[in-house]
Structure formats: structure tokens, C-alpha cells
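S.K.: Below is one structure. I have some questions about it.
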Amino acid sequence: MSLDLTATEEARRQIEICNACRYCEGFCSVFPAMTRNKAFADGDLTQLANLCHNCRGCYYACQYTEPHEFALNIPAVLAEVRVESWERLARPAALARLFQSQGVALAGLLVVVLAWFFWALSAWRPDTGAGFYAHLAHTTMVAMFVPAFLGPLVLMALSIRDYWREVGGGRVGFAHIWAALGSAARMRNLSGGHGEGCNFEDGDRFTDRRRVFHQLMMYGFLLCFGATSSGTIMHYVFGWQAPYPLLSLPKLLGVPGGLMMVAGAVGLAWLKLRADRSLGAARVWGGEMAFVLLLGAVALTGLALYAATGSALVGPLLAIHLATVMVLFLLMPFSKMVHGFYRLAALVAEAGAAGAKT
Amino acid sequence: MKDWPETFDLAVVGGGNAALCAAITAAEAGASVLILEGAPKPYRGGNSRHTRNFRCMHRGPMFPLTDAYEEDEYLHDLMLVTKGKTDENLARLAIRSSEECLGWMQDHGVRFQPSLSGTLSLSRTNAFFLGGGKALVNAYYNTATDLGVCIAYEAQVTHVHLDGGQITHLDAEIAGQPHTIKARAFVLASGGFQADLDWLARAWGPSARNFLIRGTPYNRGVVLRDMLDQGAESVGDPTQCHAVAIDGRAPKYDGGIVTRLDCVPFSIVVNKDGERFYDEGEDVWPKRYAIWGRLVAAQPDQVGFALIDAKSIDLFMPSVFPAVKANTVEGLATAMGLDPEAVRRTVDGFDAACRPGPFHPTELDGLRTQGLDVPKTNWARPLDTPPYYGYQLRPGVTFTYLGLKVDANAQVHTPHGPIRNLWAAGEIMAGSILGQGYLAGFGMTIGTVFGRIAGKEAAAHVA
Chain A
5 MSLDLTATEE ARRQIEICNA CRYCEGFCSV FPAMTRNKAF ADGDLTQLAN
55 LCHNCRGCYY ACQYTEPHEF ALNIPAVLAE VRVESWERLA RPAALARLFQ
105 SQGVALAGLL VVVLAWFFWA LSAWRPDTGA GFYAHLAHTT MVAMFVPAFL
155 GPLVLMALSI RDYWREVGGG RVGFAHIWAA LGSAARMRNL SGGHGEGCNF
205 EDGDRFTDRR RVFHQLMMYG FLLCFGATSS GTIMHYVFGW QAPYPLLSLP
255 KLLGVPGGLM MVAGAVGLAW LKLRADRSLG AARVWGGEMA FVLLLGAVAL
305 TGLALYAATG SALVGPLLAI HLATVMVLFL LMPFSKMVHG FYRLAALVAE
355 AGAAGAKT
Chain B
5 MKDWPETFDL AVVGGGNAAL CAAITAAEAG ASVLILEGAP KPYRGGNSRH
55 TRNFRCMHRG PMFPLTDAYE EDEYLHDLML VTKGKTDENL ARLAIRSSEE
105 CLGWMQDHGV RFQPSLSGTL SLSRTNAFFL GGGKALVNAY YNTATDLGVC
155 IAYEAQVTHV HLDGGQITHL DAEIAGQPHT IKARAFVLAS GGFQADLDWL
205 ARAWGPSARN FLIRGTPYNR GVVLRDMLDQ GAESVGDPTQ CHAVAIDGRA
255 PKYDGGIVTR LDCVPFSIVV NKDGERFYDE GEDVWPKRYA IWGRLVAAQP
305 DQVGFALIDA KSIDLFMPSV FPAVKANTVE GLATAMGLDP EAVRRTVDGF
355 DAACRPGPFH PTELDGLRTQ GLDVPKTNWA RPLDTPPYYG YQLRPGVTFT
405 YLGLKVDANA QVHTPHGPIR NLWAAGEIMA GSILGQGYLA GFGMTIGTVF
455 GRIAGKEAAA HVA
């Protein structure tokens, strides 16, 4: 990669070479999107970068990778443009630069929040309450977590709105959202086009591991989210308070979801250790790894908390679990967490653009 | 190399499509196989690395191919481009065998995709590799590795020892160190000689030094030369190479597909004196791109300049480098190093010869000039709408025709008869079938068909 070009300029140089070849059209959505252009504005490159799932198929199939003088490395340059777009569109941007690239910063924040929860649990311990509400009252928890969840969500929404403007996204139709959700649900862009997976961690051999582990994480996360949501509804609508038995919606969703997230986190971390860092955004490797481990920690501590029901470990485990969840929420606009929002937006925009063409 | 056997059953010289097909076929038949690839690993695969499809006979729709493409039509297409310079028996063998190759290729890791954008005209005849030729090469190397085939990179074979009607061993340099390679059978699949500029210059004339080589710099014909010097029978015109007109700013070697330019039918092409020299609109580009290498090669300094105006810039596939752009014809000529007055005269003469009429970029529209010594017989529109764009054209050599003559078993011959344990496949013997011209995707067909035959025969020889 040239040192005297910005990532966007370098991406433009590389994509213009790609656009004269087009051998990779079948791998993913990036190349068919590329062929609709002859010139690439900055916003076009932002969109292509966010459409790229870093499957690396195009790198290994490319005749023009180094040592060839064209020196193409599309997965790496798009990863860098993608990360820069997340930093640019986040508010405040400096936090994104810090937490995307520095796993240490994420761990540091976790320690601070953890210490704070230990203090809160001892200072605000309620007089009554069952299960973990004996340690921290429901209303206290709600008072802490609602703003910690909604605040970052609002920031995220503003960033996505800016993204939409930058890439020139058109009117959103139901069909576009449906197509994007369908693509994400099957992680179609990690299928390699032939359904045999991607080139993430095993050189030029195709494997489905990344797709499998990612989907374990994604569906596990959604199940856990569903567990929390169902608990909230049961609490407020039906007046049925935690702790819930195993055969209740929060547990039926949460326990498998948590197990899936743990498996997904272990798998994704293992793949990340095996994968060639020079084909991704190498400078944010630490932040990405920390984010995977944080997700795993959220799930693992949640499961541990359930397993420890009734024992003396509930107090400290509750503090640890709440701290991981809090950090996950707080960092939503500044961590790798943003990739889900931007990727979905990119898929919706692509569905719209592809539809407009045909 | 320390875990290599003393003697392999089969040594394959070369590491492209034909070599891999031979190695895989022989290994599956139980032979111990060594591949000697001359290039370092990142450049492995020879010119197969730059290919994108496989021309395939089929009697009905067969993924990814539509409709049918039968033997006689395929042969007819071959006869058109070679003007009969082919061995019809070998040609029919390649064509007939191509159908069963499609499944074999998929069984050994190759994946296909529907026709690429801009190539829909080939969706019936040519099966496109998902990811292109390098993806095919990668898949075959993985398959070969899984079969236990040994692979040596940077392995340049310097001499093939022919003794008493059979090959005894090879001299090779592997990563700079001399080695003697012993095997009971040998397959030569090391390509043509198009990357050896000295050889090209001897064959074609000194102007060949100005040619660009579209593919690998490692096809220097060392093994081909060595075999010819030892009396192996040859086929194909030794003075000829297949050249197309490509972007003159392309790298000297290995520019591959992206350096092609599809603008000629919508342009006027002048030489370095600013004069037109051939009908740019003679036929649709897929039928004419192959002659332009030769046309440009015949011009002074082996260079041409395609000039278009704003009306036509979006009518063809994007180029790898941006066009030279100017707001006047004179400005464009100056920017391209041409005499502005000479180009102005040519453009004025051309514009005056254009006639009004309907313009259809995708078909022969008969919109022709009148009264020019060098007419343009289709798509002739005046260059009158700024900005103006220009591309430098140079001949880009794809392959050479001279090769080893083989029989239907892919076996190599001397005037005394077949060499008992030597077979050849791919570009090194393609001249047997493709004596002139080129048919898209046919090189991969020859390589696959004869690679498999060579591997099968070699394995049977040592069984």
C-alpha cells in the first residue's frame, strides 16, 4: 500500500484496477456494486468498504497482489476505509479512535465500571428483594441501564443518518430492508459465492468457520436480547418479577443464547489469532479482539450468575456481569459493535441501488 | 526436499493448469508426483493465473453454460480463427473431451459462476471460473497437496536428458541450487517462450523488443528450446505470436486482463505520425481485438493512439489507467506526444467524411465514412465533442505458436518415433491444435484435456 496516499485515495486506485478486471464478481456484493460505477467518489468507496465483509476471497484470487507492481490488497484497504468511516461518523470521533483500536482502553473502562458497581452494590444494597434484586433494586438497575442503553443508541442513529447522506442512499423500501436482513441472516457475503465459506483463517482454502462462529454470536446475542426484553415485558406488563424459573421465556432464550455467544466468542477469537492480520485493518486488531472477548464475558458472566443462584457468589458475579453489560452498551457507538449497524445500512443501500438499476 | 523419494513415478515440468491436471490425474492413479514450478509461489500458475474461462462443448444446458454448443459448431469456430491451421483429429479430441472436463474440474475444486458482466455473449460457450484463473490454480494446488503431490517452487529445469528413446532425468535449479531430478515418467507443461524477448526478437525482428508481455515473465521456453535442440518434433509457426493491442502504459510483464482496451471501435486510431492506418470499425470488437496487436506492431515504434470524444467515453469497459484528457484535439495530441497539426488534419479529414445516420454501439450499424483511403465502416461519428480522450496502444503478446508436436496420447515424438516416457500438455503443445489466431477459453481447454491425458498415460506407464 502506498504511504503517501490516504486510505480512500489508495482504495480508489485499487478499485479502479479491479473495475477493469471483474473476475471476482461472484464472491460477494462488493464487486457487482463496483461495476455500476466508472468513477468512484469518496462516498462510493465508503459504501463499498462497508459492504465488504472481509472474506478475503478476492485477495487470494487476485493476480495483482504483491509482489506485482499493482500491489492490490482489497480486503485490507477496504477495512481501513471502513474503520476510518466509523471513526469519522461517530460522535465524538475521538472516542471511536480510542476504543476501536485500543483493547487496553476497553479493558481499562471495564475495570473502572466494575469498581463502580462493587461500590454501588455495597452502598445501595436494598432492604428487600429476591434473587439479584436482593443485591441491587430493580428500579436502581433500570435507572442506570436505560440511559446507558438509549443514549448510545441515539448517537448511533445519528451516525447512521450521516452515513446514509455520505453514501447517497436513496429512499428505503420494505423490499430493500427485507433483502438486507435476508443477507445478514444467512451471512451471504461470507459464503464465497459457492456456499463453501471464506478465506479468513486458512490461506486460500475456503472454510465456513467464520460464518458459523459469527452466526452463533449474532443469534446468541439476539436470543439474549430477546431474553432481556421478555423479562422486561413480564415485569412491567404481567407484574411477574425475577428470578424466573428455567421454563420461562427469559431463561429459555437466555441460556441457549448465552451458550451460543460463548462458543461464538471463543471461535471468533481463535480465528482472529490464526488469520493474516495484513489482510484486515491491522491497527484496530486489539480493539476488535477486546470486543469479541467482551461479548464472550457478557455471556459467560450471565451464565455464571444464573448457575450461582442462591450462593454467596451472586453479589460479586452480579457486579461483574452488570459491568460487562454496561461497558458493552456505553461503547456501542465507539467499538466494533458499530459494524452491525453500518453493515446493515450498507446492505439496505446496496439493495436499493441494485434494484434501481434493474 | 529431504522427504522426497529418490525417484518419483512422475515429474511434471511447469505449474499451470495443464501441469496441475496431469499431476492430479497421475496422483489419483497412485503415482508419486513432483511438480517443478519455475515461478516463486506468489506467481505460480503460469498464464493460467490470468485466464478466466473454459470453452466447453455441451449438448444441453449445463451449469454455468446455457443452451447447447455442439462439436461441429465448436470446430467451425476453431476453423474460422485458425483458417484451417489445426490438426482436426486432435482438435476434435479436445472439443469432445471438454464436456466431461467440466464435471472433473468441479470435482477437483474449481468453481464456476454465471458469465461476467460485459461478457454475456460468451455465456453459451465459455464457463467462467469463480474468482478467475488464479482461483482455479489455487484450487488445483490444494487438491494436489491433499493427494500428496510434492511441489517445488522456483524450480527451473535447465536440461531434459534424452537417452535411447527415453528421458532419464532432469537438471534443475531449485531456489538457485542445482538438483538432479529422477523420475520414471515426465510431463512437460512449461508453456511457450513469449517472455524471452531475445527469442521473440530473433523470431519476429528487433521491433519485438517494444512488445509488452501480457502474462507471466517465467515462460521463457527453456525446456521447449532444449527439446527442439535434441530433435523433438515441432509444430506451429516459429516466427509468430498472438498479440493484441493493449494499454501502452501497461507493465512490461504480467499486466493481464486489466490492460485490455475496448475503445477502438468508437475511436480513430493514429500512428505516431498522426495518421490513421486501418478501419477501426471493421467488425464488433470481440471479433477484431486480436488483429490490432499485429496492426500496431507494424506501425513506426510499434505504437498507436486511440482518440475518442465525450460522446463515446462510456461505451466500453473501464480502463485500468485513466485516459489522457484534453479540451481540444490539439491539446490531446500534444499531451500524447503527437504533432498537433498532423492530428488536427487527420481529425478534420475524418470528421468531414462522416455521414449522418443512426448509431448503434452494440451492433454493426453501417455508419461509415465516405471518400477516405482508410475508411471506417461502422460507428463512424465525428470527433467534435470535448473533452477528448486518448489511449496509447502497444502490442501485448499473449502466447507463441511454436511447440512440441504430440499425438492423441499427448506423447512427444522425435523423427525416430515417440519418446517412451515423455508427454506434453498446455501451451508447449497447443500449436498442434491452434496453429493461428485464438479462440477465447480454448487454451484452458487444451491444457485441461491434454493435461489429463498426459497424467493418465504417464501413470499407466509406471503402473
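Line by line, the protein sequences are chains A and B.
Numbering-wise (the working numbering), the first sequence opens with residue 5 and increments by one.
Numbering-wise (the working numbering), the second sequence opens with residue 5 and increments by one.
Think of the CB as a built atom: it goes at the ideal place given N, C-alpha and C, for glycine as much as any other residue.
Alpha carbons only, please: which of G235(B), F12(B), W108(B) and V307(B) is nearest the one belonging to G394(B)?
M.R.: Measuring from the Cα of G394(B), the nearest candidate turns out to be V307(B).
S.K.: Nearest-angstrom Cα distance between S6(A) and Y442(B)?
M.R.: Confidence in S6(A) is poor, its pLDDT being 48 and thus under 50, which makes the residue's placement unreliable; the coordinate value appears in the next sentence. The alpha-carbon atoms of S6(A) and Y442(B) are separated by roughly 38 Å.
S.K.: Taking G225(B) as the reference, which of N146(B), E158(B), K380(B) and S194(B) has the closest Cα?
M.R.: Ranking the options by Cα distance to G225(B), first place goes to S194(B).
S.K.: Ignoring anything shorter than 4 residues or poking outside the region 286-313 of chain A, list the alpha helix (DSSP H) runs there in chain order.
M.R.: Taking only runs of at least 4 residues, the alpha helix (DSSP H) segments lying wholly in the region 286-313 of chain A are 289-311.
S.K.: Counting pairs of Cβ atoms below 8 Å between the region 329-336 of chain A and the region 293-309 of chain A, do you hit three or more?
M.R.: Because the criterion of three Cβ pairs below 8 Å is met, the region 329-336 of chain A and the region 293-309 of chain A touch.
S.K.: Could you run through the region 224-243 of chain B and flag, in chain order, every residue whose CB is less than 9 Å away from some CB of chain A?
M.R.: Cβ contacts with chain A come from no residue of the region 224-243 of chain B.
S.K.: Give a yes or no on whether the minimum CB-CB distance between G261(A) and chain B is below 8 Å.
M.R.: No, G261(A) does not count as interfacial toward chain B.
S.K.: May I ask you to list, following chain order, the residues of the region 64-88 of chain A that have a beta carbon less than 9 Å from some beta carbon of chain B?
M.R.: Here the close residues are Y64, A65, C66, Q67, Y68, T69, E70, P71, H72, E73 and F74.
S.K.: List the residues of chain B that I19(A) touches, going by C-beta distances under 7 Å, in chain order.
M.R.: What I19(A) touches in chain B: nothing, since even the nearest Cβ is about 10 Å away.
S.K.: At the level of alpha carbons, what is the spacing between A11(A) and G219(B)?
M.R.: Going by the C-alpha atoms only, they are around 29 Å apart.
S.K.: Is N4(B) helix, strand or coil by DSSP?
M.R.: Coverage of chain B is limited to positions 5 through 467, which leaves residue 4(B) absent and any answer about it impossible.
S.K.: Can we say the region 35-52 of chain B touches the region 65-72 of chain B, given the rule of at least three CB pairs closer than 8 Å?
M.R.: As far as the Cβ criterion goes, the region 35-52 of chain B does not touch the region 65-72 of chain B, which means the pair count is below three.
S.K.: Residue ranges of each alpha helix (DSSP H) run of no fewer than 4 residues wholly in the region 99-176 of chain A, ordered along the chain?
M.R.: Correct list: 107-127 and 142-170.
S.K.: Need the endpoints of the beta strand (DSSP E) that I295(B) sits in, please.
M.R.: First-last for I295(B): W289 to A301, but that is the alpha helix (DSSP H), not the beta strand (DSSP E).
S.K.: Between A337(B) and the rest of its own chain, which residues show a CB-CB distance below 6 Å, the 5 nearest in sequence each way excluded?
M.R.: So the qualifying residues of the chain are P344 and V347.
S.K.: What in chain A is Cβ-close to T323(B), meaning under 7 Å?
M.R.: Rather than Thr, the amino acid found at residue 323(B) in this sequence is Ser. Correct list: A24.
S.K.: What residue range does the beta strand (DSSP E) around N57(B) cover?
M.R.: Note, N57(B): beta strand (DSSP E), N57 to R59.
S.K.: Name the two residues that bound the continuous beta strand (DSSP E) containing F35(A).
M.R.: Taken as a continuous stretch (DSSP letters only), F35(A) belongs to no beta strand (DSSP E), being part of the alpha helix (DSSP H) at V34 to M38.
S.K.: Would you mind reading off the limits of the alpha helix (DSSP H) that contains C62(A)?
M.R.: It spans G61 to A65 - the alpha helix (DSSP H) in which C62(A) sits, taken as one unbroken run.
S.K.: By alpha-carbon positions, which one of T404(B), D287(B), T366(B) and G259(B) ends up nearest to T69(A)?
M.R.: Checking every option, the nearest Cα to that of T69(A) belongs to G259(B).
S.K.: Tell me the start and end of each unbroken beta strand (DSSP E) in the region 141-176 of chain B that is at least 3 residues and wholly inside, in chain order.
M.R.: Fully enclosed beta strand (DSSP E) runs of 3 or longer: 154-156 and 159-167.
S.K.: Residues of chain A with CB under 8 Å from N146(B), in chain order?
M.R.: Residues of chain A passing the Cβ test: D208 and R209.
S.K.: Can you check DSSP and say which residues form a bridge with F270(B)?
M.R.: Paired residue(s): none; F270(B) is not in a bridge.
S.K.: Classify D343(B) as helix, strand or coil using the three-state DSSP reduction.
M.R.: Here D343(B) sits in coil by DSSP.
S.K.: Given 8 Å as the limit, is there contact between the region 307-319 of chain A and the region 272-290 of chain A, that is, 3 or more CB pairs closer than that?
M.R.: No, they do not touch.
S.K.: With a Cβ-Cβ cutoff of 8 Å, do I164(A) and A37(A) count as a contact?
M.R.: No, the Cβ-Cβ distance between I164(A) and A37(A) is not below 8 Å.
S.K.: Counting only beta-carbon atoms, is V262(B) nearer than 8 Å to chain A?
M.R.: By this cut-off, V262(B) is an interface position.
S.K.: Have a look at L326(A), R175(A), V158(A) and G61(A) and flag the residue whose alpha-carbon is nearest the alpha-carbon of L134(B).
M.R.: Checked all of L326(A), R175(A), V158(A) and G61(A); the closest Cα to L134(B) is G61(A).
S.K.: Are the region 381-391 of chain B and the region 185-201 of chain B in contact at 8 Å, needing three or more beta carbon pairs?
M.R.: Touching, no.
S.K.: So with CB distances below 9 Å, who are the chain A contacts of L134(B)?
M.R.: Under the 9 Å cutoff, chain A gives Y27, C28, E29, G30, F31, G61, A65, G196, G197 and H198.
S.K.: Can you list the residues of chain A that N469(B) reaches, using a CB-CB cut of under 8 Å?
M.R.: The displayed coordinates of chain B run from 5 to 467. Any statement about residue 469(B) would go beyond what the structure contains.
S.K.: Specify the secondary structure class of T362(A) as computed by DSSP and reduced to three states.
M.R.: Model confidence at T362(A) stands at a pLDDT of 47, short of 50, so the residue's coordinates are unreliable; what they give is reported in the following sentence. In the structure shown, T362(A) sits in coil (DSSP, three-state: anything other than H, G, I, E or B).
S.K.: Of all Cβ atoms in chain A, is any one closer than 8 Å to the Cβ of K315(B)?
M.R.: Cβ-Cβ to chain A under 8 Å: no for K315(B).
S.K.: Counting pairs of Cβ atoms below 8 Å between the region 321-336 of chain B and the region 277-293 of chain B, do you hit three or more?
M.R.: No, the region 321-336 of chain B does not touch the region 277-293 of chain B.
S.K.: For Q181(B), name the three-state secondary structure that DSSP assigns.
M.R.: Note: Q181(B) maps to strand in three-state DSSP.
S.K.: So which residues on chain A does P255(B) lean against when the C-beta distance must stay under 9 Å?
M.R.: Those are H72, E73 and F74, listed as they occur along chain A.
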